[in-house]
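**Q**
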Amino acid sequence: MPAPIQIYNTLTGQKEPFQPLVPGEVRIYVCGPTVYSYVHIGNARTFTSFDVIVRYLRYRGYRVHYVRNFTDVDDKIIKAAQDSGEDPIQLAARFVDAFAEDARALRLIEPDVSPRVSDHIPDIVAFIAKLLERGVAYESQGDVYFAVSKYPAYARLSRRNLDELRAGERVQPGEQKREPLDFALWKAAKPGEPAWDSPWGRGRPGWHIECSAMSMRYLGETLDIHGGGMDLLFPHHENEVAQSEAATGKPFCRYWMHCGFLDLEGAKMSKSLGNVVRLRDALQRVDPEALRCFFLSTHYRSPLAFSDKSLADAELRMEYFYETLRRVDERLGGQDVGPGPVHGQPERFLAEFEAAMDDDFNFAGALGSLSGMFAAMNELVERPPVRDRALVGRTLAQLRRQVRAVASVLGLLEDDPAAWLLRRRERAARAHGIDVARVEQLLGQRQAARAAKDFATADRLREELRALGVSVMDTPQGPVWKVSPPR
RNA sequence: GGCGGCAUAGCCAAGUGGUAAGGCAGGGGUCUGCAAAACCCCGACCCCCGGUUCAAAUCCGGGUGCCGCCUCCA
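First residue of the first sequence? That's 286 in the working numbering, and the numbers climb one at a time after it.
#1: With a Cβ-Cβ cutoff of 9 Å, do Glu-530 and Cys-496 count as a contact?
#2: Among all the DSSP beta bridges, which residues are the ones paired with Asn-294?
#3: Comparing alpha-carbon positions, which option in Tyr-344, Asp-621, Thr-297, Leu-581 lies nearest Ala-651?
#4: Can you give me the start and stop residues for the alpha helix (DSSP H) that Ser-587 sits inside?
#5: Taking the alpha helix (DSSP H) that Ala-480 falls in, what are its first and last residues?
#6: Tell whether a beta-carbon distance below 9 Å holds between Glu-507 and Pro-465.
#7: Just how far apart, CA to CA, sit Ile-413 and Asn-354?
#8: Give a yes or no on whether the C-beta atoms belonging to Leu-391 and Val-429 are separated by under 9 Å.
#9: Figure out for me which residue from Glu-711, Pro-764, Ile-338, Ala-713 has the closest Cα to the Cα of Ala-736.
#10: Rounded C-beta distance between Asp-382 and Val-352? I'm assuming under 8 Å.
#11: Spatial neighbours of Arg-340 within its chain, please: CB distance less than 6 Å, with the 5 preceding and 5 following residues excluded, ordered by chain position.
#12: Can you list, in chain order, the residues of its chain with a C-beta nearer than 7 Å to that of Val-433? Leave out the 5 residues immediately preceding and following it.
#13: Evaluate Met-758 with the Cβ neighbour count: other Cβ atoms within 10 Å of its Cβ, from every protein chain shown; 16 or more gives buried, anything less gives exposed.
#14: Quick check: the segment 677-690 against the segment 656-663, are there 3 or more CB pairs under 8 Å?
#15: Between the Cα of Pro-484 and those of Tyr-503, Ser-425, Pro-573, Trp-541, spot the shortest distance and give me the residue it belongs to.
#16: Ala-722 to Leu-635, Cα distance in whole Å?
#17: Out of curiosity, what's the CA-to-CA distance linking Asp-673 and Gln-683?
#18: Exposed or buried, which one is His-717 when buried takes at least 16 other CB atoms within 10 Å?
#19: Do Ile-326 and Leu-707 come within 9 Å of each other at the CB atom, strictly closer than that value?
#20: Quick one, are the C-beta atoms of Gly-512 and Ile-362 less than 9 Å apart?
#21: Could you tell me the alpha carbon to alpha carbon distance between Arg-772 and Leu-450, rounded to whole angstroms?
#22: What does the alpha-carbon distance come out to for the pair Ala-733 and Val-571?
#23: Quick one: measure Cβ to Cβ for Leu-697 and Arg-577, integer angstroms, because I've assumed they're closer than 8 Å.
#24: To the nearest angstrom, how far is the alpha carbon of Ile-292 from that of Asp-644?
#25: Which class does Tyr-540 belong to by DSSP, given the choice of helix, strand or coil?
#26: With C-beta atoms as the reference, is Arg-616 less than 9 Å away from Leu-517?
#27: Any chance you could list the alpha helix (DSSP H) runs of at least 4 consecutive residues sitting entirely within the segment 342-379, in chain order?
#28: Keeping to the same chain, check which residues put their C-beta closer than 7 Å to that of Arg-343; ignore five residues upstream and five downstream.
#29: How is Pro-407 classed by DSSP in three states: helix, strand or coil?
#30: Would you decide whether Leu-601 is buried or exposed? Buried here means 16 or more other CB atoms lie within 10 Å of its CB.
#31: Considering only C-alpha positions, which residue in the set Ala-675, Gln-461, Ile-494 is nearest to Val-622?
#32: With which residues is Met-758 paired in a DSSP beta bridge?
#33: Rounded to whole angstroms, how far is the Cβ of Tyr-347 from the Cβ of Val-311, which I believe are closer than 8 Å?
#34: Helix, strand or coil: how does DSSP classify Trp-471 here?
#35: According to DSSP, is Asp-382 helix, strand or coil?
#36: Let's see if you can read the secondary structure: which residues bound the beta strand (DSSP E) around Glu-530?
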C-alpha cells in the first residue's frame, strides 16, 4: 500500500493524509453550475481541477463515486427567465444541455450522477421536515428557515466570528427571519415562479439545502470530499454543514477542497461583474487540451491569471508534446518491442508524477514530470545515447506508455498527433489569414528548386513563406510547415 | 474593519529546514545545403527588517505590496 495522498482540508487549514471513510472508496460531491447562462472559463477551471482530481483518485485505485449537481431552481434562473420571457424550467434545461456540450468539448469526464434540484424536490422536502422535527428550523409565513443559533459549530468551516457576522448581517425586506444569519430552506412561491407543494404551502427550495439533500441521496450522510470554488466556502458550504450535521448528527464531510479563482486582467471574473469569458467562446480561440494545460499550469488552490500569453504558452507546450509523439510513434512504428532491459530510469518520471499528485494534487509539478518524459523521448529519438537500437526502442516504448498513463489522468494528449497538429495549423492559418493553397504552391516550387540544387531560389521561397508567417521544416519525409508569426 | 491567501529569474510557475523542478522569451553550441524542430550549455542569492537553528526561499515576529471572501458568484 503506497503512502496516502495528502489533501489540503479547508476544515482544518492544513494538509492531511487522505483516509476515506470506507477504505478504497471515495465519495466526492462537487458543486456544479447554476444553469442560468453559459459557463465561463472560471467555472471551467474549477470543474477541470476536480476532473483531474477524480481521475487521479481512480488512477490510484480508488473506487470513486463522483456526483456533480445542476442547480436548476434558483433566483437567478427565475430572473433570467423573466427577462427573456421563457419558462424558468425550460431555460434551465436549455443551459443544462449547453453545459453538457461544453463539458464534452473540454474533455471532462462524466460524473456518475448529475442530479438536478427539480428532480429531487421530495428529497429536499423530507430533509426540511426532518430539520423542523429536530427543532433546528422554523416556519414563518410559508418560508422555512434554518436557526443558526441551534447549531453551535456554525462558522467553523470558514473560520468566521459569529458575533461579527451577526453584526454585519441585515435582513432583506420580505424575509421573516428570527435572526439575521438564519437562511432560507424553503421559500414561499411568488406568482409566476416555479413552485411545488409542500407541508408549508407551495414554494421552492432555498439555495443551500439542495446540495445536502442530493449528496446524501447518492453518497450517504458523510462525504469523503466536497469540492467547489473558493467563493462557495461562505455562506454556501457553511450552511450545508450546519443543516446536514443538524439533521444527521454525523460529520457531513471529511475533506473540504476549494479551488482558487481565475482572474481576468487582474480582476476576479464573475457573471455579476460582467467581465466574463464564456468557455464556448474561449474554445473557439484555443484548443481544449491547451486550455486544460493552462489550468494545470498552477496549483488548484492558487489564483490563475487568464491571458493570451499564457494561453499561447500552453498551446506551444501542447504542440511540443504532440510533435514529439508524432516522432516517437513514427520511430516505434506500432511494433511490439517486447520485454527486456531499458536505458536509464524512465520510471523515475512516473514516480515524480505520483509524488507531485500525492502532495495535494500538485498539477504544476505533475506537468513538470510529463515534460521530463518528453525531453527523454526526444533525446532517444534524435540523439540516442546508446547504439543498441532495440534497447532504445524498449525505453521509448516504456516512456510512451508512461506518457499515456499520465496524460490520461491530466486529460491531455488524447488526440492523434497528426490530427491535432493539423487542426492547430488550420486554426492558426485562419487566425492569421494565411492562404493555405498559396503556401502549398510556394512549398511545391521550393521543393522543385531544392531538387534542382537551386538553393538560392529555395532560400528565397523560404523567406517568402516566412513573411507570410509560415515556417518550413525539411524532414526525411518531406517538408512540413507550420504557422509561426514573428513574436 | 473581520477572516483567509499570496509575494521565487524578463514573464508563467514548482519547491516549505540542508545551498533553487518545469515552461515561455533571451544568449551560446550540436545538427542542417540554409533553416526549422530537437538536444546540450548559460541565467535567480527566492519582497524588506529582525529572530530561532550548525543550517531558512522554506520556521517565528514585524513591515510593505497584491488578491479573495465577508452580498449572488466556480
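Yeah, the Cβ is synthetic: ideal placement off N, Cα and C, and Gly gets one too.
**A** Taking the geometry as given:
#1: Numbered from 1 along the first sequence, position 245 holds the residue referred to as residue 530. Numbered from 1 along the first sequence, position 211 holds the residue referred to as residue 496. In this structure, Cys-496 does not lie closer than 9 Å to Glu-530 by Cβ.
#2: Taking the first residue of the first sequence as position 1, residue 294 is located at position 9. Answer is Gln-299, bridged to Asn-294.
#3: Here residue 651 refers to the residue found at position 366 when the first sequence is read from its first residue. Of the listed residues, the one whose Cα sits closest to Ala-651 is Leu-581.
#4: As a working note, residue 587 is residue 302 in the first sequence. No alpha helix (DSSP H) contains Ser-587, which DSSP labels as neither H nor E.
#5: Within the first sequence, residue 480 is the residue found at index 195, counting from 1. Counting along the chain, Ala-480 falls outside any alpha helix (DSSP H), and DSSP gives it neither H nor E.
#6: Within the first sequence, the letter at position 222 stands for residue 507. Within the first sequence, the letter at position 180 stands for residue 465. It is Thr, not Glu, that sits at residue 507 in the sequence shown. Taking 9 Å as the Cβ cut-off, Thr-507 and Pro-465 do not qualify as a contacting pair.
#7: By one-based count along the first sequence, residue 413 stands at place 128. By one-based count along the first sequence, residue 354 stands at place 69. The alpha-carbon atoms of Ile-413 and Asn-354 are separated by roughly 19 Å.
#8: Here residue 391 refers to the residue found at position 106 of the first sequence. Here residue 429 refers to the residue found at position 144 of the first sequence. Going by C-beta atoms, Leu-391 is not nearer than 9 Å to Val-429.
#9: Taking the first residue of the first sequence as 1, we reach residue 736 at position 451. If we check each option's Cα against that of Ala-736, Pro-764 comes out closest.
#10: Numbered from 1 along the first sequence, position 97 holds the residue referred to as residue 382. Numbered from 1 along the first sequence, position 67 holds the residue referred to as residue 352. Actually they do not touch by this definition, with Cβ atoms about 19 Å apart.
#11: The residue labelled residue 340 in the question sits at position 55 within the first sequence. Answer for Arg-340: Val-694, listed in chain order.
#12: Taking the first sequence and counting its residues from 1, the one referred to as residue 433 is at position 148. These residues qualify, in order along the chain: Tyr-439, Glu-464, Leu-466, Asp-467, Ala-527.
#13: The sequence position of residue 758 within the first sequence is 473, counting from 1. When all chains shown are included, Met-758 counts as exposed.
#14: yes
#15: In the first sequence, counting from the first residue as 1, residue 484 sits at position 199. Comparing Cα-Cα distances from Pro-484 to each of Tyr-503, Ser-425, Pro-573, Trp-541, the minimum goes to Ser-425.
#16: The residue labelled residue 722 in the question sits at position 437 within the first sequence. The residue labelled residue 635 in the question sits at position 350 within the first sequence. Computed Cα separation, rounded: 43 Å.
#17: Looking up residue 673 in the first sequence gives position 388. Looking up residue 683 in the first sequence gives position 398. Distance between the alpha carbons of Asp-673 and Gln-683: 16 Å.
#18: For the purposes of this step, residue 717 is identified with residue 432 of the first sequence, where counting begins at 1. Looking at its Cβ environment, which holds fewer than 16 other Cβ atoms inside 10 Å, His-717 is exposed.
#19: Translated into the one-based positions of the first sequence, residue 707 becomes position 422. Translated into the one-based positions of the first sequence, residue 326 becomes position 41. No, Cβ-Cβ distance for Leu-707 and Ile-326 is not below 9 Å.
#20: Position 227 of the first sequence, counted from the first residue, corresponds to residue 512. Position 77 of the first sequence, counted from the first residue, corresponds to residue 362. Not in contact: Gly-512 and Ile-362 (Cβ atoms no closer than 9 Å).
#21: For the purposes of this step, residue 772 is taken as residue 487 along the first sequence, with counting starting at 1. For the purposes of this step, residue 450 is taken as residue 165 along the first sequence, with counting starting at 1. Since pLDDT at Arg-772 reaches only 49, below the 50 mark, its modelled position is unreliable, and the value read off the structure follows with that caveat. Looking at the two C-alpha atoms, the distance is approximately 51 Å.
#22: Translated into the one-based positions of the first sequence, residue 733 becomes position 448. Translated into the one-based positions of the first sequence, residue 571 becomes position 286. Roughly 35 Å separates the two Cα atoms.
#23: For the purposes of this step, residue 697 is taken as residue 412 along the first sequence, with counting starting at 1. For the purposes of this step, residue 577 is taken as residue 292 along the first sequence, with counting starting at 1. Indeed they touch by this definition, with Cβ atoms about 6 Å apart.
#24: Here the question's residue 292 lines up with position 7 in the first sequence. Here the question's residue 644 lines up with position 359 in the first sequence. Using only the alpha carbons, I get a separation of about 7 Å.
#25: Against the first sequence, residue 540 aligns to sequence position 255. Of the three classes helix, strand and coil, the one that applies to Tyr-540 here is strand, per DSSP.
#26: Counted from its first residue, the first sequence places residue 616 at position 331. Counted from its first residue, the first sequence places residue 517 at position 232. Not closer than 9 Å, so no.
#27: 360-369
#28: Working through the first sequence from its first residue, we reach residue 343 at position 58. Correct list, in chain order: Val-349.
#29: For this step, residue 407 is matched to residue 122 along the first sequence. In this structure, Pro-407 counts as helix in the three-state DSSP scheme.
#30: Here residue 601 refers to the residue found at position 316 when the first sequence is read from its first residue. So Leu-601 ends up on the exposed side.
#31: The residue given as residue 622 occupies position 337 in the first sequence. Nearest of Ala-675, Gln-461, Ile-494 to Val-622, Cα basis: Ala-675.
#32: Here residue 758 refers to the residue found at position 473 of the first sequence. Bridge partners of Met-758: Val-765.
#33: Translated into the one-based positions of the first sequence, residue 347 becomes position 62. Translated into the one-based positions of the first sequence, residue 311 becomes position 26. Right, their Cβ atoms sit about 5 Å apart.
#34: As a working mapping, residue 471 is identified with position 186 in the first sequence. In the structure shown, Trp-471 sits in a strand (DSSP, three-state: E or B).
#35: Position 97 of the first sequence, counted from the start, is the residue given in the question as residue 382. Residue state, collapsed to three classes: helix.
#36: For the purposes of this step, residue 530 is taken as residue 245 along the first sequence, with counting starting at 1. Element bounds for Glu-530: not the beta strand (DSSP E) but the alpha helix (DSSP H), 523-533.
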